[in-house]
């Protein structure tokens, strides 16, 4: 099995490193030539939750900068065409250049799995890669990158993989493609499980996408504005009240659009805050680094859905503007 990882951030290093340790041919595509060089020379270090350190030697991986594809200095040989491409970049990186890179390294049989937060990017992938199954991965794996080749697995989670509703029939109907797609899915799960991940194929991935969207829309911007880890959102009545307001707004938006998600979302959000108490959200991490956030693909999408339904979502609108303000100020 051959897997290409596009985006060697925390999640990309975690999945790519553990897959390589399990014997999978893994090829990283990095944003910078410096990170690619470091991976080729140092390999990948993964610190597990029990403090055990896993070192994936340089000989066990391949690493290239995406610039090698862009400037045409590298030809993708038939032997290196991947079976799967894991796209682990931020959602803001899903643009024409990224799609062009994927198109150059993939073949018609290559499966593409998107790990992005938020919504809206799947339509972009589908438009670029027609007649191809675009998978979505919803993961609760916790990962924090220490440097360009060292990642800390902050928490062991589970990963659900599926195809959103518009193309569900490609994976689950009774057409001639059913046997082929199920085989690919089972093969993928075996590969992930052998690498130490808990993974499932989901027929309700849409439900999971919107469930995670609401969780992220409630937790991430509040931690980014207050500069606190997830667990501290439960420390005061004011913070808890904000969690509840944002959750209720989101539930009304989903109801207006007839989107089905669990009715106990508020309890689930509280549970996530507790189980990831020490975690720094990706949005807070971006703010602290002065990097653009995913606020538009998370709370921005919810506010657009609220406006389309003609309902009010003042909490999400305020958070959208506050985080945008942090980005504009370079704070």
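Numbering (my numbering), first residue to last: 2 to 332. Backbone N, C-alpha and C fix where the C-beta goes; we use that ideal spot for every residue, glycine too. Remember, predicted model here, so these are calculated numbers, not experimental data.
How is the alpha helix (DSSP H) around residue 201 delimited, first residue to last? Element bounds for residue 201: not the alpha helix (DSSP H) but the beta strand (DSSP E), 199-202.
Is the beta carbon of residue 119 sitting closer than 9 Å to the one on residue 298? The criterion of a C-beta distance shorter than 9 Å is satisfied by residue 119 and residue 298.
In the DSSP assignment, find the beta strand (DSSP E) that holds residue 133 and state where it starts and stops. Counting along the chain, no beta strand (DSSP E) covers residue 133, and no H or E run does either.
Quick one: what does DSSP say residue 157 is sitting in, helix, strand or coil? Residue state for residue 157 is assigned as coil, using DSSP reduced to three classes.
Alpha carbon to alpha carbon, how far is residue 256 from residue 250? Our two residues, residue 256 and residue 250, have alpha carbons roughly 10 Å apart in a direct line.
Who are the Cβ neighbours of residue 170 in its own chain at under 6 Å, not counting the five residues just before and after it? Its pLDDT being 38, under 50, residue 170 is placed unreliably by the model, and the measurement read from it follows with that caveat. Contacts found: none.
DSSP bridge partner residues for residue 256 (one or two, in chain order): Partner(s): none; residue 256 has no beta bridge.
Whole angstroms are fine: how far does the CA of residue 311 sit from the CA of residue 318? Distance between the alpha carbons of residue 318 and residue 311 is about 14 Å.
Could you tell me whether the region 151-170 touches the region 196-211, where touching means 3 or more Cβ pairs closer than 8 Å? At 8 Å Cβ cutoff, the stretches touch.
Check: residue 15 C-beta below 8 Å from any heavy atom of the ligand COA: Within the structure as shown, the ligand COA is missing, as the structure has no ligands at all.
Within this structure, are the beta carbons of residue 50 and residue 155 separated by less than 9 Å? A contact, by the Cβ cut-off of 9 Å.
Thinking residue 135 and residue 107 are a contact (beta carbons under 8 Å), I'd like their distance in whole angstroms, please. The Cβ separation is near 11 Å, so there is no contact.
Considering only C-alpha positions, which residue in the set 8, 53, 10, 61 is nearest to residue 27? Residue 27 has its Cα closest to that of 61, out of 8, 53, 10, 61.
Under a Cβ-count criterion, where at least 16 other Cβ atoms within 10 Å of its own Cβ denotes burial, should residue 244 be classed as buried or exposed? Residue burial is scored here from C-beta neighbours: residue 244 has at least 16 other C-beta atoms within 10 angstroms and is therefore classed as buried.
Look at the alpha carbon of residue 105 and the alpha carbon of residue 209, and state the distance between them as a whole number of angstroms. In a straight line, the C-alpha of residue 105 is about 30 Å away from that of residue 209.
Measure the C-alpha to C-alpha separation of residue 41 and residue 96 and round it to an integer number of angstroms. The straight-line gap from Cα to Cα measures roughly 27 Å.
So for residue 84, helix, strand or coil by DSSP? Look at residue 84 here: in three-state DSSP terms it is coil, with no helix or strand label.
If we count the other Cβ atoms within 10 Å of its Cβ and call it buried at 16 or more, is residue 279 buried or exposed? Counting the other CB atoms within 10 Å of its CB gives residue 279 a total below 16, which places it among the exposed residues.
Inspect the beta-carbon positions of residue 228 and residue 320 and report whether they are closer than 9 Å. Contact flag unset, no.
For a test of the three-state rule: what should DSSP assign to residue 126, helix, strand or coil? Judged by DSSP in its simplified three-state form, residue 126 adopts helix.
Let me confirm a value: residue 89 is counted as buried when at least 16 other C-beta atoms fall within 10 Å, else exposed. Which label applies? With 16 or more other Cβ atoms within 10 Å, it is buried.
How about residue 65: is its C-beta nearer than 9 Å to some C-beta of chain B? Judged by its chain identifiers, the structure shown contains no chain B, having just a single protein chain.
Own chain partners of residue 313 with C-beta closer than 6 Å, once the 5 adjacent residues on each side are dropped: If we look at residue 313 and ignore the five residues flanking it on each side, it has no Cβ neighbours.
Who are residue 112's beta bridge partners in DSSP? The partner list for residue 112 (beta bridge, DSSP) reads 85.
Tell whether a beta-carbon distance below 9 Å holds between residue 216 and residue 324. Between residue 216 and residue 324, the gap from beta carbon to beta carbon reaches 9 Å or more.
Residues bridged to residue 151 (per DSSP): DSSP lists 46, 148 as the bridge partner or partners of residue 151.
For residue 132, tell me which candidate among 213, 148, 113, 70 has the shortest Cα-Cα distance. Ranking the options by Cα distance to residue 132, first place goes to 113.
Determine, using beta-carbon pairs with one atom in the region 231-246 and one in the region 301-308, whether at least three such pairs fall under 8 Å. No contact exists between the region 231-246 and the region 301-308.
Which residue from 91, 14, 197 puts its Cα closest to that of residue 117? That would be 91, whose Cα lies nearest to the Cα of residue 117.
Leaving out the 5 sequence neighbours to the left and right, which residues in its chain are closer than 6 Å to residue 39 when beta-carbon positions are compared? Annotation for residue 39: 149, 150 place their beta carbon closer than 6 Å to its own, counting only its chain and skipping 5 residues before and after.
Are residue 220 and residue 157 closer than 9 Å when you measure CB to CB? Their beta carbons are not under 9 Å apart, which means residue 220 does not touch residue 157 by this criterion.
Measuring only the C-alpha atoms, how far is residue 53 from residue 84? When only Cα atoms are considered, residue 53 and residue 84 end up about 30 Å apart.
Look up residue 191 in the DSSP assignment and say whether it is helix, strand or coil. Three-state DSSP puts residue 191 in a helix.
Determine the extent of the beta strand (DSSP E) in which residue 5 is found, giving its start and end residues. Its beta strand (DSSP E) spans residues 3-7.
Classify residue 64 as helix, strand or coil using the three-state DSSP reduction. Residue 64: strand per DSSP, three-state reduction.
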